[in-house]
Amino acid sequence: MEKKIENIIGEILISKGLTIATAESCTGGLLAGTLINYSGISSVFMEGVITYSNEAKMKRIGVSKDTLDAFGAVSKETAEEMARGICKVANTKIGISTTGIAGPGGGTYEKPVGLVYMGLCINGEVFYKKFNFKGDRQQIRLQAVNSALEFLLEYIK
């Protein structure tokens, strides 16, 4: 039987002593919940926040109002600030964020339903990825979680 990605990630994080926290918008806690599936993750998983509103993004993890006004909640800039912010707030080596439009409403021509940005901050260095997922709300959220886990694994291997 193939190992689940969250188990592989859990083993790597623990073996390398890498602490992690999550800041989620469109995935609504599914990313944290998936990481927590791994028994023993409590030694490295510090916290997860669901910063669904812009107010929460600013108040909880320090996303700048200027960033939100200029680029919007669904942007690489916001995803990067979310990842950097959760690292700082949770005092972790790794912060990972998700922000996007899960639908069915809320999409525009420039930012369609299924658009998701992810931010990853590792020891102060920040990376991002952009995705355009297809499907219904739940399918988009699940694809986002799986892609976030793959994004994380790519950088911690």
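For reference, each letter of the sequence shown is one residue, going 1 to 157 in UniProt numbering. Glycine included, C-beta positions come from ideal geometry on N, C-alpha and C.
What number of angstroms, rounded off, separates the C-alpha of residue 70 from the C-alpha of residue 88?
If I take the Cα positions, the gap works out to 23 Å.
Going straight from the alpha carbon of residue 102 to that of residue 138, what length do you get?
Using only the alpha carbons, I get a separation of about 8 Å.
When you compare the CB positions of residue 153 and residue 12, do they come within less than 9 Å of one another, or not?
In contact: residue 153 and residue 12 (Cβ atoms closer than 9 Å).
Give a yes or no on contact between the region 38-45 and the region 13-27, applying the rule of three or more CB pairs nearer than 8 Å.
Yes, since at least three Cβ pairs between the region 38-45 and the region 13-27 fall closer than 8 Å, the two stretches touch.
For the UniProt domain "CinA C-terminal" (3-155), list the beta strand (DSSP E) runs that are entirely contained and at least 3 residues long, ordered along the chain.
The qualifying runs are 20-24, 45-50, 94-100, 115-122 and 125-132.
With a CB to CB cut of under 7 Å and the five nearest residues on each side skipped, what residues in its chain are close to residue 115?
74, 100, 101 and 132, listed in sequence order.
Can you give me the Cβ contacts of residue 38 inside the same chain, cut-off strictly under 6 Å, excluding the 5 residues immediately before and after it?
Excluding positions up to five away in sequence, the list reads 6, 7 and 10.
Do residue 119 and residue 83 have their C-beta atoms within less than 9 Å of each other?
Yes, they are a contact pair.
Would you check if the distance between the CB atom of residue 90 and the CB atom of residue 21 is smaller than 9 Å?
The answer is yes: Cβ separation under 9 Å.
Would you report the Cα separation of residue 136 and residue 113, rounded to the nearest angstrom?
Approximately 9 Å between the Cα atoms of the pair.
Residue 117 and residue 130 look like a contact to me (Cβ under 8 Å); what is the Cβ gap, rounded to whole Å?
Yes, residue 117 and residue 130 are in contact; Cβ-Cβ is about 5 Å, under 8 Å.
Find the nearest neighbour of residue 49 within the set 66, 68 and 95, judged by alpha-carbon distance.
Here the closest residue by C-alpha is 95.
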